[in-house]
Structures are given as C-alpha cells and as structure tokens.
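Q: In my numbering, each number is its position in the sequence shown, counted from 1, plus 3.
Provided herewith is a single structure, encoded as structure tokens, for subsequent inquiry.
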Amino acid sequence: MHWYCLRDLTRPNAKRPGYELLREAGLEVFTPMRWTVVTCQGRKVKRQQPVLHDLLFVRGTREQLDPYIAETPTLQYRYVKGRPYRDPLTIDTAEMDRFIAASQQSKEPRYYLPEELGTLHFGKRIRIISDDILNGYEAELLSIRGGRKKKILVRLPGLLAVEYELHPSFIEFL
C-alpha cells in the first residue's frame, strides 16, 4: 500500500471533483484544502476548496486504482520526472502521514509550493521530540521576523510543504 499522487483534470467548479469520486468508491483520499469565500447565487459563502485543484493523493495499490483511472478520463497518475519509462509518483506512508498530521493541526494551514520555498529564511536544525506522529522528524526552524512562535515546514519533496507550529518544549537542537 502506497500513497499515489494523482492529477484531477476536472474544472475547479465541477460538481463532482475527482477526490469526491474516489472517496465515494471507498478509497482513502487526501487533498490539501483551504477556506475561501465564494459568491453563490448572489450570496457570499465560505467553502473549503483544494489548494491545488489538480493535486490529490490516494492510498491503495496499483491494482485497486487502475480501474478507476481507466474509467474516469479526468483522473491521471502523476509520473516521476526524469525517468524514461512511466513510473507513477508514490509517497512513503510515514512521510504522507506526517504531512496529513501537520495539515490537520491548524484550522487554516498555510501551504507552500516548491518555488516559494526559496524566499523563506531557515534557522537552526532541530528534531521534534513528542508523542505524536512527528516524533523524531528533523527539520529547520522557519525564521519569521518578529515572530515568537516556533514553526517548521513539513515537506512532500517537489510537490508541496505545510507550515507546522511547535511548542518550544518539543524541540531538540541538533
């Protein structure tokens, strides 16, 4: 069982996006979401929408996912860049579980694309010591001018990163 990275080619305003189709089929699906204000029939409504519309993660085996990919023309595997043959992009279960836990720790998580990471300033290298899923995770502290809260980025290499706030007692400096 792996987490597969998929593309959803439906329109952003589709009534049934890919993550809902796969969730209805009984598969475990994760899509990074954010709250946005949308005008619907003349009224402003607060609604959760995907951070990147075409990005979704599905946990399963290739044999489980292939029938859904074949019958739904708007779903595609994301493939590993730089390889001559088509190898679907998979993410380690422990790495994905850390990312999901970091995403769900706050009401409004902040996500970063790989190109946005170059503008951030990082400080000392740390290890998290706690009883949750991030125990033993090593990262660099995110330096924010005037900020008193300790934050790190939990990353999915080449795809996305999420900001995670830490209590200072859970930090061990390396």
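Quick reminder that beta carbons are idealized off the backbone N, C-alpha and C, glycines included.
Please read all numbers here as calculations on a predicted model, not as lab measurements.
1. For Arg81, which option in Pro171, Lys110, Leu162 has the closest C-alpha, if you only look at C-alpha atoms?
2. If distances are taken between C-alpha atoms only, which option among His124, Gly63, Ala28 comes closest to Met99?
3. Phe176 lies in the beta strand (DSSP E); which residues open and close that run?
4. If you draw a straight line from the C-alpha of Glu74 to the C-alpha of Gly121, how long is it?
5. Under 9 Å, do Tyr7 and Arg65 count as touching if we go by C-beta distance?
6. Using alpha carbons as the reference points, say which of Leu92, Ile174, Pro91, His170 lies closest to Gly139.
7. Pairing CB atoms from the segment 38-45 with CB atoms from the segment 82-92, are three or more of them under 8 Å?
8. What residue does the alpha helix (DSSP H) around Gly21 start on, and which one ends it?
9. Indicate whether the contact test is met: 3 or more Cβ pairs, each with one atom in the segment 91-105 and one in the segment 42-57, closer than 8 Å.
10. Over what stretch of residues does the beta strand (DSSP E) that includes Met99 continue unbroken?
11. Along the chain, where does the beta strand (DSSP E) that runs through Leu2 open and close?
12. Could you compute how far the alpha carbon of Arg19 sits from the alpha carbon of Ser133?
13. Determine the burial state of Arg101: buried for a count of at least 16 other Cβ atoms within 10 Å of its Cβ, exposed for fewer.
A: In terms of the structure at hand:
1. In the sequence shown, residue 81 corresponds to position 78, counting from 1. The candidate whose alpha carbon is nearest that of Arg81 is Leu162.
2. Residue mapping note: residue 99 aligns to position 96 of the sequence shown, counting from 1. It is Gly63 whose Cα lies nearest to the Cα of Met99.
3. Counted from its first residue, the sequence shown places residue 176 at position 173. Membership of Phe176 in the beta strand (DSSP E) is indicated by the continuous run 174-176.
4. As a first step, residue 74 must be located in the sequence shown, where it is residue number 71. As a first step, residue 121 must be located in the sequence shown, where it is residue number 118. About 39 Å.
5. Counted from its first residue, the sequence shown places residue 7 at position 4. Counted from its first residue, the sequence shown places residue 65 at position 62. Their beta carbons are under 9 Å apart, which means Tyr7 touches Arg65 by this criterion.
6. Along the sequence shown, read from residue 1 onward, the residue named residue 139 stands at position 136. Measuring from the Cα of Gly139, the nearest candidate turns out to be Ile174.
7. Because the criterion of three Cβ pairs below 8 Å is not met, the segment 38-45 and the segment 82-92 do not touch.
8. Position 18 of the sequence shown holds residue 21. 21-27 is the extent of the alpha helix (DSSP H) around Gly21.
9. Segments in contact, no.
10. Your numbering for residue 99 matches position 96 in the sequence shown. Taken as a continuous stretch (DSSP letters only), Met99 belongs to no beta strand (DSSP E), being part of the alpha helix (DSSP H) at 96-107.
11. It is not possible to answer for residue 2, since the shown part of the chain is limited to 4 through 177.
12. The residue labelled residue 19 in the question sits at position 16 within the sequence shown. The residue labelled residue 133 in the question sits at position 130 within the sequence shown. Computed Cα separation, rounded: 39 Å.
13. Here residue 101 is taken as the residue at index 98 of the sequence shown, counted from 1. It counts as buried.
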